[in-house]
Amino acid sequence: CLKSVWEQDFKETMELSVFNDASKDSSAEIIEKWKTKLEDAGVPVIIGSNESSQPRGVGFAKNQAVIQSSGTYLCFLDSDDVMMPQRVRLQHEAAIQRPNSIIGCQVRREPLESTERYTRWINNLTEEQLLTQVFTSHGPTVIMPTWFCSREWFFHVGKFDEGGKGVPEDLLFFYKHIQKGGEVFRVNHCLLLYRYHPQAATHSILEGTIWNHRVRFLEDRVLSSWTSFTIWNAGKQGKKLYRSLSPANRKKVTAFCDVDEKKITRGFYTYEESEVRPKPKIPICHFRDATPPFVVCVKLVSTTFSLSFMCKISICSIRK
Numbered sequence: 079c080l081k082s083v084w085e086q087d088f089k090e091t092m093e094l095s096v097f098n099d100a101s102k103d104s105s106a107e108i109i110e111k112w113k114t115k116l117e118d119a120g121v122p123v124i125i126g127s128n129e130s131s132q133p134r135g136v137g138f139a140k141n142q143a144v145i146q147s148s149g150t151y152l153c154f155l156d157s158d159d160v161m162m163p164q165r166v167r168l169q170h171e172a173a174i175q176r177p178n179s180i181i182g183c184q185v186r187r188e189p190l191e192s193t194e195r196y197t198r199w200i201n202n203l204t205e206e207q208l209l210t211q212v213f214t215s216h217g218p219t220v221i222m223p224t225w226f227c228s229r230e231w232f233f234h235v236g237k238f239d240e241g242g243k244g245v246p247e248d249l250l251f252f253y254k255h256i257q258k259g260g261e262v263f264r265v266n267h268c269l270l271l272y273r274y275h276p277q278a279a280t281h282s283i284l285e286g287t288i289w290n291h292r293v294r295f296l297e298d299r300v301l302s303s304w305t306s307f308t309i310w311n312a313g314k315q316g317k318k319l320y321r322s323l324s325p326a327n328r329k330k331v332t333a334f335c336d337v338d339e340k341k342i343t344r345g346f347y348t349y350e351e352s353e354v355r356p357k358p359k360i361p362i363c364h365f366r367d368a369t370p371p372f373v374v375c376v377k378l379v380s381t382t383f384s385l386s387f388m389c390k391i392s393i394c395s396i397r398k
């Protein structure tokens, strides 16, 4: 990680800001070892640390690293990962042109076969999809270890959530960024070796936590301006979405639609958890009979399914 900072081909002024959040390993010794080498190469090193016995969490550590730094631009780097030599230079060039953007890049996974589908997704989204696919289960459309942005924009968005373990601080920051009119751009070069390991902090975040934040973001960004809509999926995921909506947005659901005849022949879905009497019954219809707008709630698990699904989407003239 630190060797890759030393190997950057960026010719302008650069500093390294490190915050050691009560680590129990040899991180402090490694940092001190590289401090001399980096400063000899003209890269000042600022080191901060949490002296308590317990770590304060990823969001806190990132915020402290930013606060103690002085750079006009911020390039985030996790200690597990390795930058390609041109990363800072290429992302800096992009950031100058896009002052209110989070700049990401393509990545190579290590081990290579880990999270193949996810890696393919983050590396191949189109420029338009970087904004239209922010509601998916994958999270930010440019992953946090690749982020590069201006210092001014970072503080405009408002720093990372410091709730500690189990808080998706990158997702929450990304949502705030979008809500404040921020843009997303990816440099289409592989500029980061993105390591996967079971002990990564991301694995401490519960799926239900992510789901709840995603639903609230969808409600705020989209559903708040709709008077009615159809949920595309009368199965498990569609019903889960319906139950997770606020009472006001549940009332806007006019129907579920699907392609599965078994689900369609049931005729309706009864919201059994409702305290309202009689309990709400939402019609289930074939997608050809459904009324837009739609919230599409499906998993794109294979190329064959994606192509089949997109053919059906095109029949209804829906923009994915």
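Per this note's numbering, residue 79 is the first one in the sequence shown, and the count goes up by one each step.
Note that beta-carbon positions come from the ideal geometry of N, C-alpha and C, so glycine has one too.
Under the DSSP assignment, A333 falls in the beta strand (DSSP E) whose first and last residues are 331-336. Burial is judged here by how many other beta carbons sit within 10 angstroms of a residue's own beta carbon; P370 has fewer than 16 and is exposed.
Contact between G137 and F238 holds, since their C-beta atoms are separated by about 4 Å, short of 8 Å. If you compare the alpha carbons of I360, Q211, E339, E353 with that of Y347, the shortest gap goes to I360.
Annotation: I109 is outside any beta strand (DSSP E); the continuous alpha helix (DSSP H) that includes it extends over 105-118. Spatial neighbours of P163 in its own chain (CB-CB distance under 8 Å, excluding positions within 5 residues in sequence) are listed in chain order as S82, E85, Q86, D87.
Rounded to the nearest whole angstrom, the C-alpha separation of E191 and E117 is 37 Å. By alpha-carbon distance to Y349, the top candidate from Q175, H267, P325 is P325. A straight line joining the alpha-carbon of W225 with that of A173 spans about 10 Å.
Non-local C-beta neighbours of I288 in its own chain, meaning closer than 8 Å and more than five positions away in sequence, comprise S215, G217, P246, L249, ordered along the chain.
Secondary structure remark: continuous alpha helix (DSSP H) runs of at least 4 residues inside the stretch 251-301, in chain order: 285-299. Straight-line measurement puts the Cα of F365 at about 19 Å from the Cα of W304.
Of the residues T308, W112, V121, the one whose Cα lies closest to the Cα of K89 is V121.
Between I362 and A312, the C-beta spacing is below 7 Å. At a cut-off of 4 residues, the continuous stretches assigned as alpha helix (DSSP H) that sit fully inside the stretch 164-225 are 165-175, 194-202, 207-210. Around the C-beta of N327, 16 or more other C-beta atoms lie within 10 Å, and the residue is accordingly described as buried. In this structure, DSSP gives L155 a state outside helix and strand, which the three-state scheme calls coil. DSSP links I124 through a beta bridge to S95. Residue pairing of K359 in beta bridges, as defined by DSSP: T348. By alpha-carbon distance to E297, the top candidate from W310, G286, Y320, I283 is Y320. Comparing C-alpha distances from R167 to each of E194, H267, V354, S127 shows the shortest one belongs to H267.
Annotated as distal: L301 and D159, with beta-carbon spacing of 7 Å or more. Sequence-distant partners of W112 (beyond 5 residues in either direction) whose C-beta falls short of 6 Å from its own C-beta, in its chain, are L80.
Straight across, the Cα-Cα distance linking E129 with T204 is about 44 Å. Residue state for V245 is assigned as coil, using DSSP reduced to three classes. Take C153, set aside five residues on each side of it, and the residues of its chain with a beta-carbon closer than 6 Å to its own are V166, F226, in chain order.
Taking every protein chain shown into account, the CB of P223 has 16 or more other CB atoms within 10 angstroms, so this residue is buried. Under the 10 Å beta carbon count, D99 is surrounded by 16 or more other beta carbons and is classified as buried. Bridge partners of S101 according to DSSP: none are assigned. Residue burial annotation: G260 is buried, with at least 16 other C-beta atoms found within 10 angstroms of its C-beta.
In chain order, P361, I362 place their CB closer than 8 Å to the CB of G345, counting only its own chain and leaving out the 5 sequence neighbours on each side.
Excluding the 5 residues flanking it on each side, F251 has same chain C-beta neighbours closer than 6 Å at F238, in chain order. Straight across, the Cα-Cα distance linking Q207 with V337 is about 25 Å. The Cβ-Cβ distance between F97 and G135 does not fall below 7 Å.
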